[in-house]
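All residue numbers for the sequence shown refer to our numbering, where the first residue is 4 and numbers rise by one.
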Amino acid sequence: MRKHCAGFGLIELMVAILLGLIILLGVLQIFVSAKNTYLAQNASAAMQEDARYALSKMVQEIRMVGMFGCVETVTPDATAADFIAAQVSPITYVTTTVGTVTTGTLTLITGDVGSSTTPTWTILTDCVTSPSTVSAGAKTATGMIALPIRKVIYTYNSTTQQLLTVSGTTQSVLISNVAAMSVLFGMAADTSVGSPITSYTATPASAANIRSVRITLTLSDPNGRVANQTFNVVAAIRNRLP
Numbered sequence: 004m005r006k007h008c009a010g011f012g013l014i015e016l017m018v019a020i021l022l023g024l025i026i027l028l029g030v031l032q033i034f035v036s037a038k039n040t041y042l043a044q045n046a047s048a049a050m051q052e053d054a055r056y057a058l059s060k061m062v063q064e065i066r067m068v069g070m071f072g073c074v075e076t077v078t079p080d081a082t083a084a085d086f087i088a089a090q091v092s093p094i095t096y097v098t099t100t101v102g103t104v105t106t107g108t109l110t111l112i113t114g115d116v117g118s119s120t121t122p123t124w125t126i127l128t129d130c131v132t133s134p135s136t137v138s139a140g141a142k143t144a145t146g147m148i149a150l151p152i153r154k155v156i157y158t159y160n161s162t163t164q165q166l167l168t169v170s171g172t173t174q175s176v177l178i179s180n181v182a183a184m185s186v187l188f189g190m191a192a193d194t195s196v197g198s199p200i201t202s203y204t205a206t207p208a209s210a211a212n213i214r215s216v217r218i219t220l221t222l223s224d225p226n227g228r229v230a231n232q233t234f235n236v237v238a239a240i241r242n243r244l245p
C-alpha cells in the first residue's frame, strides 16, 4: 500500500511566494502613492504660503503709496533733492528683457508701515503754519510732526526665479521659485479723487491717475510634484480713494 505525501510541494511553495510578492507590491504601491500625495500637498501648501507672504507684504506697502500726511507742498533740503521726483511718481514698474532674461522692478514711495529700519526721508511739518521740509534719513524737530517715508524696491529675475527686496546695494530674497510676475495699474480717467477705474495697463501714461495695482505671481515647484499655481491680488492706493 503506497503512502501519501503530506505538506507543501515545490509548486505550492512557488505559488505562495508569488501571491505574497503580489500582495507586498500592492502594499508598497499604496504606500508610495500616499507618500507622493503627501509631498504634493506639502509642495502646494508651501507655494500658497509663499504667495500669501509676498503678496500681503506688497499689498500693505502699496496701500500706503503717496501717504505724505497733511502735506501738500514740501521743500527738500540739500540731503533730499531726489524726493520731489519720487513724490510725483510714487509708484513705478519697469521691465527689461535681454535675450531670454526678464527683470522687473517695482518701486514704491510709501509711508512707513512699522519698519524698524531707517526711513529714506522724513517730512517735518506742523500741518498748520510752518513750511514743510523733507530730509534724508530719520529726523526730529521740536514742535513738528515727523512723517517717515520709505522707498521700497522689489525686483524679479526670470533666470533665478526669485523675488527680491532691495535696500541700498543689498538684495534679499523674499521668495523663490517665481516662474512669472506681472504688474498692472488700475487707471482712472482723470486725477480727481473718487474718479472710477476705467482700465488696467502695464504702462500708465500718468502716475497721478493710478488708483490700484494688480499683481500676479506664478509659482513653480522645483521638484515638479505639482503644476504651476497663479495667484492674483488687487491693492487700492488709499490716499487716492474717496
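Just so you know, even glycine gets a beta-carbon here, dropped at the ideal spot from N, CA and C.
Range covered by the alpha helix (DSSP H) that runs through residue i
{"i": "Leu109", "result": "Element bounds for Leu109: not the alpha helix (DSSP H) but the beta strand (DSSP E), Val104 to Gly114."}
{"i": "Arg66", "result": "Leu13 to Arg66"}
{"i": "Gln164", "result": "Counting along the chain, Gln164 falls outside any alpha helix (DSSP H), and DSSP gives it neither H nor E."}
{"i": "Phe86", "result": "Phe86 to Val91"}
Distance, residue j Cα to residue i Cα
{"i": "Thr247", "j": "Ala205", "result": "A question about residue 247 goes unanswered here, because the residues of the chain that appear run from 4 up to 245."}
{"i": "Gln63", "j": "Val229", "result": "29 Å"}
{"i": "Ala48", "j": "Leu31", "result": "25 Å"}
{"i": "Ala46", "j": "Asn242", "result": "38 Å"}
{"i": "Val35", "j": "Met61", "result": "39 Å"}
{"i": "Leu109", "j": "Met184", "result": "11 Å"}
{"i": "Thr143", "j": "Thr163", "result": "41 Å"}
{"i": "Ala37", "j": "Leu28", "result": "14 Å"}
{"i": "Gly107", "j": "Leu167", "result": "10 Å"}
{"i": "Gln44", "j": "Gly227", "result": "12 Å"}
{"i": "Ser59", "j": "Ser209", "result": "26 Å"}
{"i": "Cys73", "j": "Thr40", "result": "54 Å"}
{"i": "Ala81", "j": "Val101", "result": "37 Å"}
Below-9 Å beta-carbon distance, residue i vs any chain C residue
{"i": "Ser179", "result": "Here chain C cannot be found, since the structure has a single protein chain."}
7 Å CB neighbourhood of residue i in its chain, flanking five on each side removed
{"i": "Ile87", "result": "Pro79"}
{"i": "Trp124", "result": "Ala83, Phe86, Val137, Ser138, Ala139 and Ile152"}
{"i": "Asp129", "result": "Gly146, Met147 and Ile148"}
{"i": "Pro225", "result": "Asn180"}
Cut-off 6 Å between Cβ atoms - residues of its own chain near residue i, not counting five sequence neighbours on either side
{"i": "Asp115", "result": "Pro122, Pro151 and Arg153"}
{"i": "Ser223", "result": "Asn180, Ala182 and Asn231"}
{"i": "Asn3", "result": "This structure cannot settle anything about residue 3, because the visible part of the chain is limited to 4 through 245."}
{"i": "Val68", "result": "Pro93, Ile94, Leu111, Thr113 and Ile240"}
Limits of the beta strand (DSSP E) - the one that residue i falls within
{"i": "Val137", "result": "Thr136 to Ala139"}
{"i": "Ile94", "result": "Ile94 to Val101"}
{"i": "Leu244", "result": "Note, Leu244: premise wrong, no beta strand (DSSP E); not H, not E."}
{"i": "Phe188", "result": "Val181 to Ala191"}
{"i": "Thr125", "result": "Trp124 to Thr128"}
{"i": "Arg214", "result": "Ile213 to Leu222"}
{"i": "Ser202", "result": "Ile200 to Thr204"}
Sequence-distant residues of the same chain with beta carbon closer than 8 Å to residue i, five excluded per side
{"i": "Pro207", "result": "Phe188, Met190 and Ile213"}
{"i": "Val104", "result": "Asn160, Ser161 and Thr162"}
{"i": "Tyr203", "result": "Leu187, Phe188, Gly189, Met190 and Arg217"}
CA nearest to the CA of residue i, picked from the options
{"i": "Leu127", "options": "Arg217, Thr106, Phe71 and Val216", "result": "Phe71"}
{"i": "Ala238", "options": "Leu244, Val216, Leu58 and Gly12", "result": "Val216"}
{"i": "Val91", "options": "Ser59, Thr76 and Ala192", "result": "Thr76"}
Inset, instruction - Would you check if there are 3 or more beta carbon pairs closer than 8 Å linking the stretch 13-20 to the stretch 191-198? - result: no
Legend entry - Cβ contact check for the stretch 155-163 and the stretch 173-192: 3 or more pairs under 8 Å: By the criterion of at least three beta-carbon pairs nearer than 8 Å, the stretch 155-163 is in contact with the stretch 173-192.
Inset, instruction - Examine the Cβ distances between the stretch 93-107 and the stretch 46-59 and report whether three or more of them are shorter than 8 Å. - result: Taking a cut-off of 8 Å on C-beta distances, the stretch 93-107 does not touch the stretch 46-59, as fewer than three cross pairs fall below it.
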